[in-house]
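Participant: A single structure is presented below for examination.
Okay, structure coming up:
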């Protein structure tokens, strides 16, 4: 009986100590989420390619066959538009909110004509876009953004060195910017 009581007391003391350590260490981990790191790259509304070595933000492209670019954006002042065209073996885009929850994703096989043309907007902005559609949005995919800020991750496959320049040009020429009528 005494050993059971001792085990319970040690367990309670250990749990209390663990909680204190977690609470004291929590400030060291805030601001290190993916969204904060993307915002630390440069400025919003532009795709920035990631290097193979982690930079100041800690973001890196660690896949030898994929080239990755990220873009922070906001739909507060209006919709955001993502465009990428080119002939690469494979590309995919994923849109995340500020909490790093995936909102939308697609790839070249699900895109119209294999090109990325995506408009992210708030539900109110989408209603406005659908009421008076612009001719430039005829091939665009319109997606509702539940939050006002987020980030996009664009990936392109370079299976061999011969695709390297094509993939880098594809990422460099892609755009992530506010939509203007």
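In the working numbering, the protein residues as written are 1211 to 1391. Every residue gets a Cβ at the ideal spot worked out from N, C-alpha and C, and that includes glycine. Keep in mind it's a predicted model, so treat the numbers as computed, not measured.
Does the region 1308–1325 come close enough to the region 1377–1385 to have 3 or more Cβ pairs within less than 8 Å?
Facilitator: The region 1308–1325 vs the region 1377–1385: no contact.
Participant: How about residue 1389 and residue 1329: are their beta carbons less than 8 Å apart?
Facilitator: The answer is yes: Cβ separation under 8 Å.
Participant: Check the C-beta distance from residue 1367 over to residue 1279 and give it rounded, since I have them as a contact under 8 Å.
Facilitator: 13 Å between Cβ atoms; not a contact.
Participant: Can the beta-carbon of residue 1282 be found less than 8 Å from the beta-carbon of residue 1260?
Facilitator: No. Outside cutoff.
Participant: Relative to the C-alpha of residue 1273, which candidate in 1381, 1369 and 1387 has its C-alpha closest?
Facilitator: Of the listed residues, the one whose Cα sits closest to residue 1273 is 1369.
Participant: Would you kindly work out how many angstroms separate the C-alpha atoms of residue 1229 and residue 1216, rounded to a whole number?
Facilitator: Cα-Cα distance, rounded: 20 Å.
Participant: Given that a residue counts as buried once 16 or more other Cβ atoms are within 10 Å of its Cβ, and exposed if not, what is residue 1384?
Facilitator: Buried, since its Cβ has 16 or more Cβ neighbours within 10 Å.
Participant: Please list the terminal residues of the continuous beta strand (DSSP E) segment that includes residue 1333.
Facilitator: No beta strand (DSSP E) holds residue 1333; the alpha helix (DSSP H) holding it covers 1333–1341.
Participant: Over the uninterrupted beta strand (DSSP E) stretch that includes residue 1407, give me the two end residues.
Facilitator: Nothing in the structure corresponds to residue 1407, since the chain is present only between 1211 and 1391.
Participant: Spatial neighbours of residue 1340 within its chain, please: CB distance less than 8 Å, with the 5 preceding and 5 following residues excluded, ordered by chain position.
Facilitator: Once the five neighbours on either side are set aside, the close Cβ partners of residue 1340 are 1352.
Participant: Excluding the five sequence neighbours on either side, which residues of its own chain have a C-beta within less than 8 Å of the C-beta of residue 1306, listed in chain order?
Facilitator: The answer, listed in chain order, is 1244, 1245, 1312, 1313, 1360, 1361, 1362 and 1363.
Participant: Quick one: grab the DSSP three-state call for residue 1375.
Facilitator: Helix at residue 1375.
Participant: Since residue 1290 and residue 1325 are thought to touch, with beta carbons under 8 Å apart, how far apart are those beta carbons, to the nearest angstrom?
Facilitator: Not really, about 17 Å apart at Cβ, beyond 8 Å.
Participant: So, residue 1327 versus residue 1350, is the Cβ gap smaller than 8 Å?
Facilitator: Against a cut-off of 8 Å, the Cβ pair of residue 1350 and residue 1327 comes out as a contact.
Participant: CA-CA distance, residue 1221 and residue 1227?
Facilitator: Going by the C-alpha atoms only, they are around 10 Å apart.
Participant: What is the DSSP secondary structure of residue 1260, reduced to helix, strand or coil?
Facilitator: Of the three classes helix, strand and coil, the one that applies to residue 1260 here is coil, per DSSP.
Participant: Using only the alpha-carbon positions, how far apart do residue 1391 and residue 1263 sit?
Facilitator: Computed Cα separation, rounded: 39 Å.
Participant: Taking the beta strand (DSSP E) that residue 1300 falls in, what are its first and last residues?
Facilitator: Residue 1300 -> no beta strand (DSSP E), and no H or E assigned at all.
Participant: Measuring CA to CA, which of 1218, 1286, 1292 and 1214 is closest to residue 1346?
Facilitator: The candidate whose alpha carbon is nearest that of residue 1346 is 1292.
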